Amino acid sequence: DAGVTQSPTHLIKTRGQQVTLRCSPKSGHDTVSWYQQALGQGPQFIFQYYEEEERQRGNFPDRFSGHQFPNYSSELNVNALLLGDSALYLCASSLRGIEQYFGPGTRLTVT
Amino acid sequence: GEDVEQSLFLSVREGDSSVINCTYTDSSSTYLYWYKQEPGAGLQLLTYIFSNMDMKQDQRLTVLLNKKDKHLSLRIADTQTGDSAIYFCAERGTGFQKLVFGTGTRLLVSP
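So the sequences go chain by chain: A and B.
In terms of the working numbering, the first sequence opens at residue 1 and continues consecutively.
In terms of the working numbering, the second sequence opens at residue 112 and continues consecutively.
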């Protein structure tokens with residue numbers, strides 16, 4: 001079992017650009033959540049996808065959007081990047097929500 | 112509202128027991144979790160407890176929950192240098208699967 005996988009591992013972007021991060025859930029899982037972890041902080045919930053729809057959203061602006069595909073994989077898109085978007089972006093998957101397993105994350109640096 | 116607080120730092124000697132504490136505010140929390148994060152890595156699910164339980168033991172890990180005081184603790188028996196990491200407490204409310212994390216406790220285990 002490959003567990004939750006994320007790509008890319010690291011990414012460097014310039015302010016104003018757009019970025020797409022990808023996540024493949026653990027085998028058998030149908031729900032994907034995205035979190036942002038700033039340096040020295042705990043993860044903050046961005047949104048959650050189930051059955052290809054956004055089911056719940058945290059306090060993040062509309063610049064953050066996502067998608068879930070029929071195979072349960074997911075993408076996180078961030079438009080008009082700001083310096084403050086620099087963080088570790090974590091994807092978590094679950095089945096029925098009790099056990100959430102995290103991927104290794106994508107480190108995004110905005111310059 | 113939802114808020115989870117943890118002490119920032121704990122230092123122990125190898126072989127001692129470690130106790131990491133957490134308080135939360137959401138009285139509707141259904142599950143409470145402990146995750147471990149090593150440098151540059153994602154979050155590893157260590158254990159979790161359902162809110163109608165007061166204790167759960169899993170090998171070297173013991174979780175205690177005082178629902179009245181909204182206090183959660185993680186005890187690691189026979190702490191090893193490999194246990195050095197940041198430990199996050201998280202709570203999940205009713206309904207959807209959003210996790211609310213604390214800021215993490217850095218555990219340092221010295222030989």
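Even glycine gets a Cβ: it sits at the ideal position worked out from N, Cα and C.
Keep in mind that this is a model prediction, so the values were computed, not measured.
Beta-carbon proximity check, residue i vs residue j, cutoff 8 Å
{"i": "R15 of chain A", "j": "S73 of chain A", "result": "no"}
{"i": "A201 of chain B", "j": "F212 of chain B", "result": "yes"}
{"i": "S129 of chain B", "j": "L121 of chain B", "result": "yes"}
{"i": "R102 of chain A", "j": "L90 of chain A", "result": "At residue 102 of chain A the sequence reads Phe, which differs from the Arg that was named. Contact flag set, yes."}
{"i": "G40 of chain A", "j": "L95 of chain A", "result": "no"}
{"i": "S221 of chain B", "j": "R124 of chain B", "result": "yes"}
{"i": "Y35 of chain A", "j": "P25 of chain A", "result": "no"}
{"i": "L210 of chain B", "j": "F45 of chain A", "result": "yes"}
{"i": "L156 of chain B", "j": "Q100 of chain A", "result": "yes"}
{"i": "Q6 of chain A", "j": "T106 of chain A", "result": "yes"}
{"i": "G84 of chain A", "j": "L76 of chain A", "result": "no"}
{"i": "E149 of chain B", "j": "T134 of chain B", "result": "no"}
{"i": "A92 of chain A", "j": "V19 of chain A", "result": "no"}
{"i": "V78 of chain A", "j": "F69 of chain A", "result": "no"}
{"i": "L224 of chain B", "j": "L176 of chain B", "result": "Any answer about residue 224 of chain B is impossible in this case: the structure gives chain B only from 112 up to 222."}
According to DSSP, residues forming a beta bridge with residue i
{"i": "N132 of chain B", "result": "B:S184"}
{"i": "S94 of chain A", "result": "A:T31"}
{"i": "I197 of chain B", "result": "B:Q148, B:R217"}
{"i": "N177 of chain B", "result": "B:H182"}
Counted within 10 angstroms of its Cβ, other Cβ atoms place residue i as buried (16 or more) or exposed
{"i": "R203 of chain B", "result": "buried"}
{"i": "A80 of chain A", "result": "exposed"}
{"i": "Q127 of chain A", "result": "Residue 127 of chain A falls outside the range modelled here, since chain A spans only 1 to 111, and no answer is possible."}
{"i": "G153 of chain B", "result": "buried"}
{"i": "T109 of chain A", "result": "exposed"}
{"i": "L219 of chain B", "result": "exposed"}
{"i": "D169 of chain B", "result": "exposed"}
{"i": "I131 of chain B", "result": "buried"}
{"i": "I12 of chain A", "result": "exposed"}
{"i": "Q191 of chain B", "result": "exposed"}
{"i": "I98 of chain A", "result": "exposed"}
{"i": "F161 of chain B", "result": "exposed"}
is_contact[residue i, chain C] using C-beta, thresh 8 Å
{"i": "P61 of chain A", "result": "In the displayed structure, chain C is absent; the protein chains listed are A and B."}
Residue interval of the beta strand (DSSP E) (run including residue i)
{"i": "G66 of chain A", "result": "64-68"}
{"i": "L81 of chain A", "result": "Looking at the DSSP string, L81 of chain A is not in any beta strand (DSSP E), and its letter there is neither H nor E."}
{"i": "Y49 of chain A", "result": "44-50"}
{"i": "E116 of chain B", "result": "115-117"}
**Message:** For the region 202-218 of chain B, list every residue whose C-beta sits within 9 Å of some C-beta in chain A, in sequence order.
**Reply:** R203, G206, F207, Q208, K209, L210, V211, F212, G213, T214, G215
**Message:** So if I threshold CB-CB distances at 9 Å, which residues from the region 98-110 of chain A count as touching chain B?
**Reply:** I98, E99, Q100, Y101, F102, G103, P104, G105, R107
**Message:** Using a Cβ-Cβ cutoff of 7 Å, what residues of the region 31-57 of chain A are near chain B? List them in chain order.
**Reply:** T31, S33, Q41, G42, P43, F45, Q48, R55, Q56
**Prompt:** Along the region 77-99 of chain A, what residues have a CB closer than 9 Å to any CB found in chain B?
**Reply:** L88, L90, C91, A92, S94, R96, G97, I98, E99
**Asked** Just by C-beta distance, which residues in the region 141-152 of chain B are closer than 7 Å to chain A?
**Response** Y142, A152
**Item:** Contact set between the region 117-137 of chain B and chain A, restricted to residues whose Cβ is under 7 Å from the partner
**Value:** none
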